[in-house]
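Visitor: One structure, as structure tokens, below. Some questions next.
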Amino acid sequence: MMKLPESFGSFRSGATFGRSQALQRSWPVVLDLCVASIALACFYGVVVIARYWFGHAEPEIVISQSPRALPLYAFYSIIRIFLAYLLSLIFAVGYGYIAAYNKRVEALMIAALDILQSIPVLSFLPGVMLAMVALFPTRQIGVEMGAIVLIFTGQVWNMAFSFYSSIKSIPRELSEAASIYNFSRWQRLVQLELPYSAIGLVWNSMVSVAGGWFFLMACEMFVLGTRDFRLPGLGSYLQTAAGTGNKAAITWGLVTMVAIIVATDQLIWRPIIAWSDKFKFEQVESTQRVRSPLLHLLQHSRGLRTLKHHTIRPLSEGLYQRLADERKARTERATAAAGSPHVNANRLKTVLRAIIVIVATTAVLYAAWRALGLLRQVNASQFGEIMKGALATFLRVNVSLLLSSLWTIPVGVAIGFHPRLARIAQPLAQIAASVPATALFPVILIALVRMGGGLGIGSIALMLLGTQWYILFNVIAGAMAIPSDMREVAKLFRFTTVQRWKTVILPGIFPYLITGLVTASGGAWNASIIAEYFRLQNHTMQTVGLGAVISAATDSGQFQILLLATIVMAMMVVTINRLVWRPLYRLAESRYKLA
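Per full-length UniProt numbering, the very first residue in the sequence shown carries number 1; after that it's consecutive.
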């Protein structure tokens, strides 16, 4: 056998090394080109949406059931959900921040949040849609903004609850460190409160977007009295296909939606989850970390790294310095004016506050007076039907919460404790949570009817499909937020399974679990409007329930019944929150808080 010279091996390894070096040099350039292409695609998408939204309003839109229409319909739906999510995120952070730090209005704001999350999407529908159409009577943007606001009402409340509870459970030593270093409010928000709440906010964002997909069918196609509102989108496509019994169109719509959800999970949620893992509050770094190839590539992009070092970081440092100087100057002025007899500024603030209170009180009293005028039109039989429906829906909501908790708590803890399992289970859970149960409901309902059941049992199944994810995703977030050193101590002392659950797991996930149960309860009440009143192949099926009353009143334009049923639902949810969930929230803040 001929023996190759030794120099040949070294030449071959040198050539391989040279190719790898060239690949390493060229890869960041390829990545920067990909980022630039994504930016150009986003810009083109903005242009397409602007042309459509600012065009003339179409009086009657016919929803095509052809698969060729799906790419454009899916694009429109993605934009609506994305904008509704951005609006939800901004509202959740602002609302939760004010409620957590303003003691005067905290109780009022949390009570308002309880009421708002209990109001179904269809109860917001008349006022929101008519107001938006009145603002833009000749443009398509009016109906589009109405749909976005309606999706917003189905996404925002659990995110606001999550951010509020995260701020209330910040460890004492972190708050004291921020005070010692004289953080400004902005610096405290950016460097303490948002990072500490990141894990819970990310997982609640995922379930919020899933909720947006759940209510998409109701927000893109609905009847309001004599008016039929339709928007081209994936939700209206699925609702039209389900209404006509077109199984092929339902299949195409679901396949498209699953493809979008998988792409969203891999391109958005997976990198964000891996990024947020660094904000876990722990003394010992965990050896198991959530990883994302896309996040790794983005972090090694030369263009993004240059943008961060030469633009974002100098701007942020300059902003922090300016805020610190302004705070120091305000402190000096306050100290100098402490003994001054002039109190004109304080008087002006007091007068402005009084004017705002008077105007707000007048508006509330006027709205209440007009509402009482509507409620006088409700007769005794209609009131009895509403109360009977409220009792039936109350029982279904609690059954669905119990069944959801039985499987979501152990499964959520398992996913949160094992990153390898999370890489497999989290995308599956995201897909299952995002697929609208209303698209699958015809098959479930037909099967239940054949088995001897009906919409009474089927409504519980639909509530489960729509609300169990609130508990699951919050439990996952809570399990991931448990410090690794606490888990290591439990392993070191050889705790039994019962001891681990009693001393580590349940106390660790308790604040997140309460948030999940509160939002799941509100979501179950909200889902009743679809679960108890359903159209199947041009036939309307309904059962006794408050959601059925609200849906029927919306279809027939009976606003007095819609208003009374909404008030009853809100009062029941608020009463439950005050008697059950609020004491548990206080327990989570005082006893089960990392300190």
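For every residue, glycine included, the Cβ atom is placed at its ideal position computed from N, Cα and C.
Do the segment 81 to 90 and the segment 148 to 160 make contact, defined as three or more Cβ pairs closer than 8 Å?
Guide: These segments touch.
Visitor: Any contact between the segment 488 to 505 and the segment 68 to 88? By contact I mean 3 or more CB pairs, one from each, below 8 Å.
Guide: Output reads no: the segment 68 to 88 does not touch the segment 488 to 505.
Visitor: Report the three-state DSSP secondary structure of Gln140 (helix, strand or coil).
Guide: Here Gln140 sits in coil by DSSP.
Visitor: Helix, strand or coil for Arg230 per DSSP?
Guide: In this structure, Arg230 counts as strand in the three-state DSSP scheme.
Visitor: By the DSSP assignment, the beta strand (DSSP E) with Gln542 in it spans what residues?
Guide: From DSSP, the beta strand (DSSP E) with Gln542 extends over 539 to 542.
Visitor: Taking C-alpha atoms, which residue in Ser165, Ile119, Phe82, Leu70 lies nearest to Glu106?
Guide: When each option's Cα is compared against that of Glu106, the closest is Ser165.
Visitor: Checking 7 Å against the spacing of the C-beta atoms, do Ser276 and Val202 come in under that value?
Guide: Yes; because the gap between Cβ atoms is below 7 Å, this pair is in contact.
Visitor: Compute the distance between the beta-carbons of Tyr470 and Ala520, then report whether it is under 7 Å.
Guide: A contact, by the Cβ cut-off of 7 Å.
Visitor: Quick one: grab the DSSP three-state call for Ala44.
Guide: Note on identity: in this sequence residue 44 is Tyr, with Ala being the wrong assignment. Reduced to three states, the DSSP call for Tyr44 is helix.
Visitor: Is Tyr73 helix, strand or coil when you go by DSSP?
Guide: Note: Tyr73 maps to helix in three-state DSSP.
Visitor: In or out: Gly94 buried (at least 16 other Cβ within 10 Å) or exposed?
Guide: Label assigned to Gly94: exposed.
Visitor: Measuring alpha carbon to alpha carbon, tell me which residue in Leu403, Val378, Val359, Glu144 is nearest Leu216.
Guide: Among Leu403, Val378, Val359, Glu144, the Cα nearest to that of Leu216 belongs to Glu144.
Visitor: With distances taken from CA atoms, which of Leu194, Gly389, Met109, Ser484 is nearest residue 629?
Guide: Not covered by the structure: residue 629. The range shown for the chain is 1 to 595.
Visitor: Could you compute how far the alpha carbon of Ala112 sits from the alpha carbon of Met572?
Guide: C-alpha separation (whole angstroms): 14 Å.
Visitor: Considering only residues of the same chain and omitting the five flanking positions on each side of Pro341, which have a CB-CB separation below 7 Å?
Guide: Interpretation of Pro341 is limited by its pLDDT of 49, a score under 50 that renders its predicted location unreliable; no figure is taken from the coordinates.
Visitor: How many Å lie between Ile479 and Gly516 at the Cα?
Guide: In the sequence under discussion, the amino acid at residue 479 is Ala, which differs from the Ile named in the question. Spanning the two alpha carbons is a distance of roughly 13 Å.
Visitor: What separation, rounded to the nearest whole angstrom, lies between the Cα atoms of Leu579 and Leu116?
Guide: Their backbone Cα atoms lie some 18 Å apart in a straight line.
Visitor: Write down the C-beta distance between Gly253 and Leu70 rounded to the nearest angstrom, noting that I regard them as a contact closer than 8 Å.
Guide: Right, their Cβ atoms sit about 7 Å apart.
Visitor: Assign residue 597 to one of two classes, buried (16 or more other C-beta atoms within 10 Å of its C-beta) or exposed (fewer than that).
Guide: Because residue 597 is not part of the residues shown, which for the chain are 1 to 595, the question remains open.
Visitor: Do Ile460 and Arg396 come within 7 Å of each other at the CB atom, strictly closer than that value?
Guide: A contact, by the Cβ cut-off of 7 Å.
Visitor: Under a three-way DSSP split, which group does Tyr95 fall into?
Guide: Reduced to three states, the DSSP call for Tyr95 is helix.
Visitor: For Ile509 and Val475, which I take to be in contact (beta-carbon distance under 8 Å), what is that distance rounded to the nearest angstrom?
Guide: The Cβ separation is near 6 Å, so the contact holds.
Visitor: For Ile61 versus Arg230, is the C-beta distance shorter than 7 Å?
Guide: Yes, they are a contact pair.
Visitor: Quick check: what's the CA-CA separation for Leu352 versus Ile358?
Guide: About 10 Å.
Visitor: For Glu193, count neighbouring Cβ atoms within 10 angstroms of its own Cβ and tell me buried if that reaches 16, exposed if not.
Guide: By the 10 Å Cβ count, Glu193 comes out buried.
Visitor: Using CA atoms only, rank isn't needed, just tell me which of Ile576, Arg582, Thr540, Tyr512 is closest to Ser162.
Guide: Of the listed residues, the one whose Cα sits closest to Ser162 is Tyr512.
Visitor: What residue does the alpha helix (DSSP H) around Trp203 start on, and which one ends it?
Guide: First-last of the alpha helix (DSSP H) with Trp203: 194 to 214.
Visitor: If you compare alpha carbons, which of Phe82, Ile530, Met569 is closest to Thr264?
Guide: It is Phe82 whose Cα lies nearest to the Cα of Thr264.
Visitor: In the structure shown, what three-state DSSP assignment does Tyr181 receive?
Guide: Note: Tyr181 maps to coil in three-state DSSP.
Visitor: Return helix, strand or coil for Phe417, following the three-state DSSP convention.
Guide: Reduced to three states, the DSSP call for Phe417 is helix.
Visitor: Would you check if the distance between the CB atom of Ile561 and the CB atom of Ala553 is smaller than 7 Å?
Guide: Closer than 7 Å, so yes.
Visitor: Using three-state DSSP, classify Phe495 as helix, strand or coil.
Guide: Coil, per DSSP.
Visitor: Drop a sphere of 10 angstroms on the beta-carbon of Trp407, count the other beta-carbons inside from all chains shown, and report buried for 16 or more, exposed for fewer.
Guide: With fewer than 16 Cβ atoms within 10 Å of its Cβ, Trp407 is classed as exposed.
Visitor: Roughly how many whole angstroms lie between the Cα atoms of Glu173 and Ser179?
Guide: So the two alpha carbons sit approximately 10 Å from each other.
Visitor: Considering only residues of the same chain and omitting the five flanking positions on each side of Phe279, which have a CB-CB separation below 7 Å?
Guide: The answer, listed in chain order, is Pro195, Tyr196, Ala198, Ile199.
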